[in-house]
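Protein chains: 4
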Amino acid sequence: MARTDLPDRRANPVRPARLAHEDARAIAAQPSPATGNARSAGSTAVGGRSAGSRRSEAARLAVLNAADDLLVEYGFEGLTIEGIAAAAGVAKQTIYRWWKSKVDILFDNLVLDAGSALGWPEHPSSPADVRAYVHRFATFLGEEPAGRVLQALLGHAQLDPRTAELLHSGFLDELRARDVAHVRSCLGLADDDRAAAVLDAVLAPLYHRALVLRRPLDAAFVDALLDQQLDQQPAR
Amino acid sequence: MARTDLPDRRANPVRPARLAHEDARAIAAQPSPATGNARSAGSTAVGGRSAGSRRSEAARLAVLNAADDLLVEYGFEGLTIEGIAAAAGVAKQTIYRWWKSKVDILFDNLVLDAGSALGWPEHPSSPADVRAYVHRFATFLGEEPAGRVLQALLGHAQLDPRTAELLHSGFLDELRARDVAHVRSCLGLADDDRAAAVLDAVLAPLYHRALVLRRPLDAAFVDALLDQQLDQQPAR
Amino acid sequence: MARTDLPDRRANPVRPARLAHEDARAIAAQPSPATGNARSAGSTAVGGRSAGSRRSEAARLAVLNAADDLLVEYGFEGLTIEGIAAAAGVAKQTIYRWWKSKVDILFDNLVLDAGSALGWPEHPSSPADVRAYVHRFATFLGEEPAGRVLQALLGHAQLDPRTAELLHSGFLDELRARDVAHVRSCLGLADDDRAAAVLDAVLAPLYHRALVLRRPLDAAFVDALLDQQLDQQPAR
Amino acid sequence: MARTDLPDRRANPVRPARLAHEDARAIAAQPSPATGNARSAGSTAVGGRSAGSRRSEAARLAVLNAADDLLVEYGFEGLTIEGIAAAAGVAKQTIYRWWKSKVDILFDNLVLDAGSALGWPEHPSSPADVRAYVHRFATFLGEEPAGRVLQALLGHAQLDPRTAELLHSGFLDELRARDVAHVRSCLGLADDDRAAAVLDAVLAPLYHRALVLRRPLDAAFVDALLDQQLDQQPAR
DNA sequence: CAATAACCGAGACGGTACGTCTTGTCTTGCG
DNA sequence: CGCAAGACAAGACGTACCGTCTCGGTTATTG
Numbered sequence: 000m001a002r003t004d005l006p007d008r009r010a011n012p013v014r015p016a017r018l019a020h021e022d023a024r025a026i027a028a029q030p031s032p033a034t035g036n037a038r039s040a041g042s043t044a045v046g047g048r049s050a051g052s053r054r055s056e057a058a059r060l061a062v063l064n065a066a067d068d069l070l071v072e073y074g075f076e077g078l079t080i081e082g083i084a085a086a087a088g089v090a091k092q093t094i095y096r097w098w099k100s101k102v103d104i105l106f107d108n109l110v111l112d113a114g115s116a117l118g119w120p121e122h123p124s125s126p127a128d129v130r131a132y133v134h135r136f137a138t139f140l141g142e143e144p145a146g147r148v149l150q151a152l153l154g155h156a157q158l159d160p161r162t163a164e165l166l167h168s169g170f171l172d173e174l175r176a177r178d179v180a181h182v183r184s185c186l187g188l189a190d191d192d193r194a195a196a197v198l199d200a201v202l203a204p205l206y207h208r209a210l211v212l213r214r215p216l217d218a219a220f221v222d223a224l225l226d227q228q229l230d231q232q233p234a235r
Numbered sequence: 000m001a002r003t004d005l006p007d008r009r010a011n012p013v014r015p016a017r018l019a020h021e022d023a024r025a026i027a028a029q030p031s032p033a034t035g036n037a038r039s040a041g042s043t044a045v046g047g048r049s050a051g052s053r054r055s056e057a058a059r060l061a062v063l064n065a066a067d068d069l070l071v072e073y074g075f076e077g078l079t080i081e082g083i084a085a086a087a088g089v090a091k092q093t094i095y096r097w098w099k100s101k102v103d104i105l106f107d108n109l110v111l112d113a114g115s116a117l118g119w120p121e122h123p124s125s126p127a128d129v130r131a132y133v134h135r136f137a138t139f140l141g142e143e144p145a146g147r148v149l150q151a152l153l154g155h156a157q158l159d160p161r162t163a164e165l166l167h168s169g170f171l172d173e174l175r176a177r178d179v180a181h182v183r184s185c186l187g188l189a190d191d192d193r194a195a196a197v198l199d200a201v202l203a204p205l206y207h208r209a210l211v212l213r214r215p216l217d218a219a220f221v222d223a224l225l226d227q228q229l230d231q232q233p234a235r
Numbered sequence: 000m001a002r003t004d005l006p007d008r009r010a011n012p013v014r015p016a017r018l019a020h021e022d023a024r025a026i027a028a029q030p031s032p033a034t035g036n037a038r039s040a041g042s043t044a045v046g047g048r049s050a051g052s053r054r055s056e057a058a059r060l061a062v063l064n065a066a067d068d069l070l071v072e073y074g075f076e077g078l079t080i081e082g083i084a085a086a087a088g089v090a091k092q093t094i095y096r097w098w099k100s101k102v103d104i105l106f107d108n109l110v111l112d113a114g115s116a117l118g119w120p121e122h123p124s125s126p127a128d129v130r131a132y133v134h135r136f137a138t139f140l141g142e143e144p145a146g147r148v149l150q151a152l153l154g155h156a157q158l159d160p161r162t163a164e165l166l167h168s169g170f171l172d173e174l175r176a177r178d179v180a181h182v183r184s185c186l187g188l189a190d191d192d193r194a195a196a197v198l199d200a201v202l203a204p205l206y207h208r209a210l211v212l213r214r215p216l217d218a219a220f221v222d223a224l225l226d227q228q229l230d231q232q233p234a235r
Numbered sequence: 000m001a002r003t004d005l006p007d008r009r010a011n012p013v014r015p016a017r018l019a020h021e022d023a024r025a026i027a028a029q030p031s032p033a034t035g036n037a038r039s040a041g042s043t044a045v046g047g048r049s050a051g052s053r054r055s056e057a058a059r060l061a062v063l064n065a066a067d068d069l070l071v072e073y074g075f076e077g078l079t080i081e082g083i084a085a086a087a088g089v090a091k092q093t094i095y096r097w098w099k100s101k102v103d104i105l106f107d108n109l110v111l112d113a114g115s116a117l118g119w120p121e122h123p124s125s126p127a128d129v130r131a132y133v134h135r136f137a138t139f140l141g142e143e144p145a146g147r148v149l150q151a152l153l154g155h156a157q158l159d160p161r162t163a164e165l166l167h168s169g170f171l172d173e174l175r176a177r178d179v180a181h182v183r184s185c186l187g188l189a190d191d192d193r194a195a196a197v198l199d200a201v202l203a204p205l206y207h208r209a210l211v212l213r214r215p216l217d218a219a220f221v222d223a224l225l226d227q228q229l230d231q232q233p234a235r
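Chains as they are written, first to last, in numbering that gives the first Met the number 0: chain W, 0 to 235; chain X, 0 to 235; chain U, 0 to 235; chain E, 0 to 235.
Written out as structure tokens, the structure is:
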């Protein structure tokens, strides 16, 4: 069950490519304007960078990991740029060179992790694939560390319009579009609106339970939810 | 349509009392340990305050209003204690004397405003009362300034456990308990669990749409939601 | 041999007064616009400060002393505001509240120390008083720690016009005016121009030797200089 | 009136030679250890440098000029290596390769300019030559841009021992030795000590007036000074 | 009808983190 | 190899708020 579709929107464009066609499409589709990091995807392109001093991959990873660790340990408010720099063994300026804020760093982490945690099968086709995906989503949102990042960013998006914009146009919208398409094909629905309605009917209780009720998203709850919402779908 | 049940948990205990038994019960039930504001609830109690000057009502209101205004103008992150103090014409220490943090101030504002905005009729009895309440809730959450406060606090609760604790045990839990009871009686449901399920089925999409999708909670959406969720209830 | 005339231009106006008439005159004459510290000399004056929170004398002294120590230990370039704050056990903002720059701090130190080191007798009257003063000046400039401060500020005044302005209009001009007057009366000269010429003839070689030649200002050199410049004066 | 004696201690050894014997002697005498720039003294040697690219003369001049311009425009404190590099269109590393600090760059500028501005006639012989030189010196110190560089370096030498060392052993000592010799021969003095005394008697007031009093070194002042100090010399 | 005790404004204080700037070192690729 | 370009670790800059702490001045009982 490999991830599909959700592009990997890493900051550093000059890394060993994988599945070139995917990356190319994804980066071409949205050149990460939010972070502004992805500069000139093709390194061999004629109009590329002129010379010298590429971005340090080691520093980039150290920052992302340190931010993740510190978020878990001290929470969002206790997460500081200086703290990340110190924990990553990196100069503060190196962080500011590539990210605008701690939100930006967490966003990069989210994209990185969500890509692998929220994948669909290559060619999803049955309602069972939808059920599996929703279970994966519930686990991600409710239990995994990377889900905590999404939760924190969703929270912060309520407080800061720039975070909201970044999170939606850079992640949520795309995730939703992909999920809608898969749901539609798996359930054999007539149009995207119907698929979106089904998706919302399933995800809304999950988000509600996680963000508002603060109760665990256990498998039983998810199954009951799916039974209720999916089984009645064919009837429609 | 007057508000009922949701207690007014203002900071200042020395205001013209209303419906003493309600206040007493509410405050006794949870003496607002989070804010620690409600001091010496019974002003008529024998061994009450001894001497000296009382809390300045003018200062209290100036702070609450200033916080509201600044939240709207500069957002949660741009809201500072010093800014509130300056805007309210109040000394910083006066704020710290009565509130622990800006979250605390916003919480007081929320309680104040939600009390009047999210009321139920004195004796709700019909499904129409539920529909009306849900419409009121959607308007509150999606459009009113005070709803922005709830949204901000919900967001911040994702980032800070203390805020989450305050918001839930001081506001959301109680709100929910009250709403569940009313829904149960209005719809003639057998037990609270069923009522809670109906309430969640209605509120989850609202929260989801407001917090995650960031789309307007227009009346048509709410009506469609109510049609779908309420009409099938009697069938159960 | 007590100091006279050179006003004590300390930052803090609210200290135990000494020789009130002197302080009053001095502060009235030039309210230290350079540092902007001296605010409302008389604490009992009607238009004085309103209430609460006076400047901390302990912090002020700690900063001045720390700056002095660190200048000696690390030199002017190695002297940082952060270093001073750390060494003084004081918050950085406390320094910025009262001083504009490290130059400002050193200037306060200079005024403080020069006041006591470069005094004249109460009523100087003989050429011997001039000789003694010049010896004192040479010792101050060439050997004493406070003289190092003057030397550093003179050096920095070559690099920064604001330092030059502060040093001259806040210290050197006044020092010179006082010295000219004393020289004139001690040597019985006809006018200030002549006295200034004598003073310059004596001080120029001292400054030259200290700042340009970087050779010690030993007593023998000073005596030879005085013999040469003072003995021929009556002949004029 | 060509310059004599004061060696040209430029950074770049590969420039069109002039008066080869002089340069050779000067550079041999003190291989500029302070800057460490003078590499491979003999520029005319056939087998000098073997291979690889040579130092870029264009870059060297661009740096020196940019430093001069920026010093005039922004002052010493506003002069930064990065600023010089940007203004000169040169990489930062190119500067660090050849100079240790901005002081070093200014020093090279000083040597370059002072060489032409502070020259003596080929064979100075009369007191008039001394008078002319002192006038030239006063103009240089007080008015010319290059004099501002000397003034800045003298100022910085008060703050930084390394600058003091560089300025004295690399420039001032030599200048003084040359001037003493010329004064001695022009005035027919018996020994160098006497010549040095005369020179100091003339230069000290100039430095004092420029560095301490910050007053203009106008021709009238210099003439009066020379009248006073030189006319009495023959009497000795 | 003072005494007195808490509130209030004002704001200094020790701190922490911010985001910017410059330093001096380094690495990369062009010429 | 010099050079332009520029990333990097380091660390000081000056600012903004934090939460705590005096100050005097005011005010309202209460002894």
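We put the beta carbon where it would ideally sit given N, CA and C, even for glycine.
For residue i, three-class secondary structure by DSSP
i, result
"E/ALA189", "coil"
"X/LYS99", "coil"
"W/LEU78", "coil"
"X/ALA33", "With a pLDDT of 37 at X/ALA33, under the threshold of 50, the modelled position of this residue cannot be trusted; read the value that follows with caution. Of the three classes helix, strand and coil, the one that applies to X/ALA33 here is coil, per DSSP."
"U/HIS167", "helix"
"X/ARG38", "With a pLDDT of 35 at X/ARG38, under the threshold of 50, the modelled position of this residue cannot be trusted, and the question is left open."
"W/ALA90", "coil"
"U/PRO202", "Contrary to the premise, residue 202 of chain U reads as Leu rather than Pro in this sequence. Note: U/LEU202 maps to helix in three-state DSSP."
"W/HIS122", "coil"
"X/LEU212", "helix"
"E/LEU109", "helix"
"X/ARG177", "helix"
"W/SER52", "coil"
Where the alpha helix (DSSP H) containing residue i begins and where it ends
i, result
"E/GLY154", "144-158"
"E/ASP222", "218-229"
"W/HIS134", "126-141"
"X/ASN59", "The residue asked about is misnamed: residue 59 of chain X is Arg in this sequence, not Asn. It spans 56-73 - the alpha helix (DSSP H) in which X/ARG59 sits, taken as one unbroken run."
Closest residue to residue i among the options (Cα-Cα distance)
i, options, result
"W/ARG193", "W/ALA137, W/LEU229, W/LEU60", "W/LEU229"
"E/LEU166", "E/LEU158, E/LEU152, E/VAL179", "E/LEU152"
"W/GLN157", "W/PRO215, W/VAL102, W/LEU225, W/GLU56", "W/VAL102"
"W/GLU143", "W/ASP128, W/TRP98, W/TYR95, W/ASN108", "W/ASN108"
"U/LEU63", "U/VAL110, U/PHE170, U/GLU76, U/THR138", "U/VAL110"
Buried or exposed (CB count within 10 angstroms, at least 16 for buried), residue i
i, result
"U/VAL60", "The question names Val, but residue 60 of chain U is Leu in the sequence shown. By the 10 Å Cβ count, U/LEU60 comes out exposed."
"W/GLN92", "exposed"
"W/GLY114", "buried"
"X/ARG208", "buried"
"U/VAL71", "exposed"
"E/GLY154", "buried"
"X/TYR95", "exposed"
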